[in-house]
Amino acid sequence: MLTVQSGKCKKCRSEFGPLDTVQSTNVECSKCKKQITLCRTCKEKGCECGGKLLDAWDKNPGMMF
């Protein structure tokens with residue numbers, strides 16, 4: 018079940034909208050394993066350590082099918 022995310026991005030503090038889901042905003046770094054709640058824009062910038070930020074869809078391709 019998709020769940021709409023509420024609150025704000027932990028990095029830029031922008032408000033989450035009605036299309037932002039918990040599954041896409043809760044991300045984990047592929048390198049340092051840090052977990053954080055980010056908007057799409059901040060997620061795309063990557064982690065401070067240089068790692069890629071992965072959401073539930075990235076970690077489980079084909080999850081919806």
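Note that the sequence shown covers residues 18 to 82 in my numbering. Cβ coordinates follow ideal geometry from the N, Cα and C atoms, glycine included.
A residue is called buried once 16 or more other Cβ atoms fall within 10 Å of its Cβ, and S41 is buried on that count. Going by C-alpha positions, L36 is about 8 Å away from Q22. Distance from the CA of C59 to the CA of I53, rounded to the nearest whole angstrom, comes to 11 Å.
A Cβ-Cβ contact shorter than 8 Å links L70 with V44. Following the DSSP letters along the chain, one finds C29 in no alpha helix (DSSP H), marked with neither H nor E.
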